[in-house]
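Novice: Chains as they are written, first to last, in UniProt numbering: chain A, 1 to 155; chain B, 1 to 109.
Heads up, the beta-carbon is just placed ideally off N, CA and C, and yes, glycines get one too.
This is the structure I want to talk about, given as structure tokens.
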Amino acid sequence: MTNDLAMNRRRVLVGALGMTAAAALTAIAARPAAATPETAKQLLQTLAKGEPKEGRVTLKAPEIAENGNAVPVTVSVESPMTDKDHVKALHIVADGNPNPGVASFFFTPLAGKCEVQLRVRMAQTQKIVCVAEMSDGTLWSAAREVKVTIGGCGG
Amino acid sequence: MADDIKPRIRVPQNPKKGDVLEIKTLITHPMESGQRKDTQGNTIPRRIVNAMAVTYNGKPVFSGKLEPAISANPYLSFFVKVEESGTLAFEWKDDDGSVYTAEQKITLA
Numbered sequence: 001m002t003n004d005l006a007m008n009r010r011r012v013l014v015g016a017l018g019m020t021a022a023a024a025l026t027a028i029a030a031r032p033a034a035a036t037p038e039t040a041k042q043l044l045q046t047l048a049k050g051e052p053k054e055g056r057v058t059l060k061a062p063e064i065a066e067n068g069n070a071v072p073v074t075v076s077v078e079s080p081m082t083d084k085d086h087v088k089a090l091h092i093v094a095d096g097n098p099n100p101g102v103a104s105f106f107f108t109p110l111a112g113k114c115e116v117q118l119r120v121r122m123a124q125t126q127k128i129v130c131v132a133e134m135s136d137g138t139l140w141s142a143a144r145e146v147k148v149t150i151g152g153c154g155g
Numbered sequence: 001m002a003d004d005i006k007p008r009i010r011v012p013q014n015p016k017k018g019d020v021l022e023i024k025t026l027i028t029h030p031m032e033s034g035q036r037k038d039t040q041g042n043t044i045p046r047r048i049v050n051a052m053a054v055t056y057n058g059k060p061v062f063s064g065k066l067e068p069a070i071s072a073n074p075y076l077s078f079f080v081k082v083e084e085s086g087t088l089a090f091e092w093k094d095d096d097g098s099v100y101t102a103e104q105k106i107t108l109a
């Protein structure tokens, strides 16, 4: 009788342990594969091939973002925006979200000025990197780290 | 609520020839990232605005390719140099195939 009870208790305990282990496993499996600085770099290489130089791109973002759901980001590129010399594309990536891509923008000389403002979701403190592709084929980049207090990817 | 998708556009008042105008756009859209789960633990399917394009008098000015990392109700601002009066035409593309459009007339002083 006592033996039986002990067995039951053990079984219950083992069962409970197994359940938590299984839950922990599914939690790990369910967590999306996060982007890393490497994957962000790889993505940038597929978007704009080549080694970007630093400069010409200005990236404005808050140093500390309280709400990762909407972080205001302004990117501007120094360029006369003429037919001969303008910004063709602007790629933005972030290295701490589930996926590294944020957005790509394409400009024509009609824009007159290369500046774009957007709001970005950020899951955690991370670095945003912008690469501008000019009409002469050169690449320019800027990067900035944003500290995020409350992540904005839900879950 | 989710289907109440409305674009909003703001342009500066009284533009003159040769001005570089800041155009502010916003479209109400959930931008469901495809990462979130509902109360039953099922993944909510991704549904975002994945592209946006702007033309002025039919000529392309600005376009963008958006990823789930863009906030809900995507806000975008950019610039247009106006040499003549005309119409700015905006177009947003949804993952589900819908296309939302808007137009804004610009009359130079």
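With DSSP as the reference, please indicate the residues paired to Lys127(A) in a beta bridge.
Specialist: Glu145(A)
Novice: In the structure shown, what three-state DSSP assignment does Glu22(B) receive?
Specialist: Here Glu22(B) sits in strand by DSSP.
Novice: From which residue to which residue does the alpha helix (DSSP H) around Glu91(B) run?
Specialist: Careful: Glu91(B) lies outside any alpha helix (DSSP H), inside the beta strand (DSSP E) at Gly86 to Asp94.
Novice: Would Asp85(A) and Ser141(A) qualify as a contact pair, given that the criterion is a beta-carbon distance under 8 Å?
Specialist: no
Novice: Apart from the five residues just before and just after Ala34(A), which ones in its own chain have a Cβ nearer than 8 Å to its Cβ?
Specialist: The residues are Gly96, Asn97, Pro98 and Ala123.
Novice: If you draw a straight line from the alpha carbon of Pro60(B) to that of Leu110(A), how long is it in whole angstroms?
Specialist: Spanning the alpha carbons of Pro60(B) and Leu110(A) requires a straight line of approximately 8 Å.
Novice: Tell me whether Ser85(B) is buried or exposed, calling it buried when 16 or more other Cβ atoms sit within 10 Å of its Cβ.
Specialist: exposed
Novice: Taking DSSP as the reference, what is the three-state secondary structure of Pro45(B)?
Specialist: coil
Novice: Excluding the five sequence neighbours on either side, which residues of its own chain have a C-beta within less than 7 Å of the C-beta of Gly68(A), listed in chain order?
Specialist: Arg121, Met122, Ala123, Val148, Ile150, Gly151 and Gly152
Novice: Beta carbon of Gln117(A), beta carbon of Leu76(B): below 8 Å?
Specialist: In this structure, Gln117(A) places its C-beta atom within 8 Å of the C-beta atom of Leu76(B).
Novice: Beta carbon of Ile23(B), beta carbon of Tyr100(B): below 8 Å?
Specialist: no
Novice: For Val65(A), which three-state DSSP category applies?
Specialist: A quick correction: the sequence has Ala, not Val, at residue 65(A). Note: Ala65(A) maps to strand in three-state DSSP.
Novice: With a CB to CB cut of under 7 Å and the five nearest residues on each side skipped, what residues in its chain are close to Lys93(B)?
Specialist: Val49, Asn50, Ala51 and Val99
Novice: Which one of Leu59(A), Thr82(A) and Ile64(A) has the shortest CA to CA distance from Val125(A)?
Specialist: A quick correction: the sequence has Thr, not Val, at residue 125(A). Looking at the Cα atoms, Ile64(A) is the closest of the given residues.
Novice: Go to Pro7(B), then tell me how far its beta strand (DSSP E) extends in each direction, as first and last residue.
Specialist: Pro7 to Arg10
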